[in-house]
Amino acid sequence: MNETLFIRLPAEFTAANTDAEPVYHCALVAGPDGAMTARELDIAGIAALRKHAGDKLHIALLAPAESTLLTTVAIPSNQRKKIAKAVPFVVEEILADEMEATHIAILPYDDPGRIPLALIAHSRIKQWLEHFRKHGIVLDSIIPECLALPAATGELVLLQDNCGRVICSGGNGLGFGCGEQSMMTFFTRFLEQHAATTRGVKLITDADTDPVWLSTLQDLLASRSVRLERIQGNWRDALQQRNIVAGPGVTDYNLLQGPYRRANQGGALLQASLRKLAIAAAVLLALQIGFDWISGWYLESKAAQGKDNVSALYKELFPG
Numbered sequence: 067m068n069e070t071l072f073i074r075l076p077a078e079f080t081a082a083n084t085d086a087e088p089v090y091h092c093a094l095v096a097g098p099d100g101a102m103t104a105r106e107l108d109i110a111g112i113a114a115l116r117k118h119a120g121d122k123l124h125i126a127l128l129a130p131a132e133s134t135l136l137t138t139v140a141i142p143s144n145q146r147k148k149i150a151k152a153v154p155f156v157v158e159e160i161l162a163d164e165m166e167a168t169h170i171a172i173l174p175y176d177d178p179g180r181i182p183l184a185l186i187a188h189s190r191i192k193q194w195l196e197h198f199r200k201h202g203i204v205l206d207s208i209i210p211e212c213l214a215l216p217a218a219t220g221e222l223v224l225l226q227d228n229c230g231r232v233i234c235s236g237g238n239g240l241g242f243g244c245g246e247q248s249m250m251t252f253f254t255r256f257l258e259q260h261a262a263t264t265r266g267v268k269l270i271t272d273a274d275t276d277p278v279w280l281s282t283l284q285d286l287l288a289s290r291s292v293r294l295e296r297i298q299g300n301w302r303d304a305l306q307q308r309n310i311v312a313g314p315g316v317t318d319y320n321l322l323q324g325p326y327r328r329a330n331q332g333g334a335l336l337q338a339s340l341r342k343l344a345i346a347a348a349v350l351l352a353l354q355i356g357f358d359w360i361s362g363w364y365l366e367s368k369a370a371q372g373k374d375n376v377s378a379l380y381k382e383l384f385p386g
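Going left to right, the sequence shown walks through residues 67 to 386 as my numbering numbers them.
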């Protein structure tokens, strides 16, 4: 039975603090009914699951929403190869001087004329891959976490995180993440972009108290005749609901495209192992050469010392 392990990066990892090994908030989804088990795992626990299940386990990393820019571009074609060739030229105006430093992933789409894209820094995605790779873990997918929210057609979904963040999804390959203080600024702009199609907003939260922006949100939605539904739950509950929403599956929104595909990661993992072996071999060779040199020097010095001793003995026995 195939399983999917969703890993959500903790706040300290989001801040690029990878020196200390954190505990990862995970959700193990198994079977056709999407039965979910909450897990808190360290890196050794994740590696053990991978070793035990092998390729039957799909490991998906939920990338912090703040790290990824989600947008759509107009490309009048329904052929993926032509779309892939056109995308860099279309987004060049958005990225400006950041083009070479940015990885572009094409996300699933229904309308061939509007192509959803995910833009993320190469340095960020490489950091995540390398962090898991050094522990022998090859990631099968990296997914923008806001696209793991259960937004159906005509809905926006808000998830109030327990670490001062808010994540929003429009259910169409678009979404954002931000701090609580800037939530209404981002959401108002996002709502304007989806005003024609938004009929309702779901707020998922497991907080005991209302968020500071709740009354402002209620007033904004009431002025636009948009209903608000509040649901008790956390990110795992949202993910479980997302699995039953029609449309592409969560793992279809994979950032690991092009050079970051899993097959290429496997090669990188092999290369990393070969590099370690090569370094070890070089160290052993250096030690052997050093040992041989020291041994040769020691024998030469002993031979010279023996020659001197013989000469001294000869002079003592046969003076003059």
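Idealized CB from N, CA, C, for every residue including glycine.
Residues of the same chain with a CB within less than 6 Å of the CB of R293, apart from the 5 flanking positions on each side, are G266 in chain order.
L280 and E258 have their C-alpha atoms spaced approximately 18 Å apart.
In the structure shown, the three-state DSSP call for S143 is coil. When the five nearest sequence neighbours on each side are left out, the beta carbons in the same chain lying within less than 7 Å of the beta carbon of R302 are those of A93, M102, A104, in order along the chain. In the structure shown, C212 adopts helical secondary structure according to DSSP, grouped into three states. In the DSSP assignment, E69 forms a beta bridge with A96, L123. The three-state reading of DSSP puts P182 in strand, counting E and B together.
Under the DSSP assignment, H197 falls in the alpha helix (DSSP H) whose first and last residues are 188 to 199.
Of the candidates R296, V95, M250, the residue whose Cα lies closest to the Cα of T282 is M250. Contact check for L173 against A187 fails: the beta carbons are separated by 8 Å or more. Straight through space, the alpha carbons of Q298 and K268 are spaced by roughly 10 Å. For H91, the CB contacts under 7 Å within the same chain, skipping 5 residues up- and downstream, are R74, P76, E106 in chain order.
Take the alpha-carbon of N144 and the one of L225: they are about 33 Å apart. For R290, there is no enclosing beta strand (DSSP E), as DSSP marks it with neither H nor E. Between the region 231 to 248 and the region 129 to 136 there are three or more C-beta pairs closer than 8 Å, enough to call the two in contact.
Of all alpha-carbon atoms in Y175, S289, D227, A288, the one lying nearest the alpha-carbon of T275 is that of D227.
In the three-state scheme derived from DSSP, where H, G and I count as helix and E and B as strand, R302 is classed as helix. DSSP, read as helix, strand or coil, puts I160 in helix.
The alpha-carbon of N320 is positioned some 10 Å away from that of Y326.
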